[in-house]
Amino acid sequence: MSKRKAPQESPNEGITDFLTELANYERNVNRAIHKYNAYRKAASVISRYPSKIRSGAEAKKLDGVGAKIAEKIDEFLSTGKLRKLEKIRQDDTSASINLLTRVTGIGPAAARKFVEEGIKTLEDLRKIEHKLTHHQRIGLKYFEDFEKRIPREEMLQMQEIVLKEVKKLDPNYIATVCGSFRRGAESSGDMDVLLTHPSFTSESSKQSKLLRQVVEQLEKVHFVTDMLSKGDTKFM
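When we follow the UniProt record's numbering, the leftmost residue of the sequence shown carries the number 1, and every step to the right adds one.
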């Protein structure tokens with residue numbers, strides 16, 4: 001449910017940061033999805049590269065990094081900045097659209113509409129909070145929190161609470177924290193918990209009450225304070 005930044009445990013954080021910023025600009029402002037995908041793919045590949053990239057030529061050897069992106073990497077490595085990004089950051093409309101899309105629940109189209117109506121900052125959004133959707137209100141309420149990474153130490157504490165509470169309902173529940181946490185990351189953007197039970201299989205009939213009981217238990221101990229959606233098999 002969050003829009004936290006991708007993991008930044010790479011020696012090439014500066015490069016992945018500017019590629020992600022360019023990707024968001026192309027999607028949010030230019031609506032150029034093909035360019036957005038290209039930048040995102042390059043950022044993803046480079047974020048997994050184990051050593052510090054020294055040149056665009058080195059980066060270009062990676063699948064997903066083309067000549068144009070390699071040129072931008074050379075410019076960034078030699079100057080510490082990117083002319084294209086400097087220009088984008090000076091454009092008020094682009095900056096406002098990119099800011100608003102960082103609020104979960106606000107996509108590029110909604111952000112452009114808000115800007116056209118003169119709503120350009122988080123403070124502007126708060127003034128019209130009564131007009132926002134439930135999802136957008138939650139995104140605005142926890143904006144600063146969603147921008148932060150969750151340290152692994154905190155994730156371990158959260159895991160302990162979830163496991164303890166579901167066991168109160170049924171000792172046979174199996175709660176597994178998945179995603180980057182399971183892969184050993186030192187921080188995560190969000191927390192995904194897979195809940196299973198040996199008595200229920202994919203062939204079993206839906207038991208919608210089971211997830212509801214778990215959510216209500218987590219609400220009771222104030223672990224869950226707000227929700228975006230609650231279905232029979234998935235909760236956010």
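Glycine is no exception: its CB is placed at the ideal position from the N, C-alpha and C atoms.
C-beta atoms of residue i and residue j nearer than 9 Å
i: SER180; j: SER188; result: yes
i: VAL29; j: PRO151; result: no
i: MET227; j: MET191; result: no
i: THR201; j: ILE174; result: no
i: ASN37; j: THR101; result: no
i: GLY231; j: LEU210; result: no
6 Å CB neighbourhood of residue i in its chain, flanking five on each side removed
i: ALA43; result: THR16, LEU19, THR20
i: SER96; result: VAL115, LYS120
i: THR176; result: LEU194
Residue burial classification, residue i (beta-carbon count within 10 angstroms, cutoff 16)
i: GLU26; result: buried
i: ASP47; result: Reading off the sequence shown, one finds Ser at residue 47, where the question assumed Asp. Buried, because 16 or more other Cβ atoms sit within 10 Å of the Cβ of SER47.
i: ALA70; result: buried
i: ALA57; result: exposed
i: ASN172; result: exposed
i: GLY184; result: exposed
i: VAL221; result: exposed
Other residues of its chain near residue i: CB distance less than 7 Å, five sequence neighbours each side excluded
i: SER51; result: PRO11
i: VAL214; result: VAL166, LEU169, LEU195
Cβ distance (whole Å) where residue i is taken to contact residue j below 8 Å
i: VAL45; j: LEU62; result: 5 Å
i: ARG137; j: GLU129; result: 6 Å
i: LYS72; j: LEU82; result: 6 Å
i: HIS135; j: THR93; result: About 24 Å; that fails the 8 Å criterion.
i: GLU165; j: GLN217; result: 5 Å
i: LEU122; j: LEU132; result: Not really, about 12 Å apart at Cβ, beyond 8 Å.
Practice item. Kindly provide the ranges of any alpha helix (DSSP H) runs that are 4 or more residues long and lie completely inside the segment 93-128, ordered along the chain. Key: Here the runs fully enclosed are 108-116, 122-127.
Check your understanding: Taking the runs of the beta strand (DSSP E) that are 3 residues or longer, which of them lie wholly in the segment 131-210?
Key -> Within the segment 131-210, the complete beta strand (DSSP E) runs of at least 3 residues fall at 174-177, 193-196.
Practice item. Any chance you could list the alpha helix (DSSP H) runs of at least 4 consecutive residues sitting entirely within the segment 7-57, in chain order? Key: Restricting attention to alpha helix (DSSP H) runs no shorter than 4 residues, the segment 7-57 encloses them at 13-28, 33-47, ordered along the chain.
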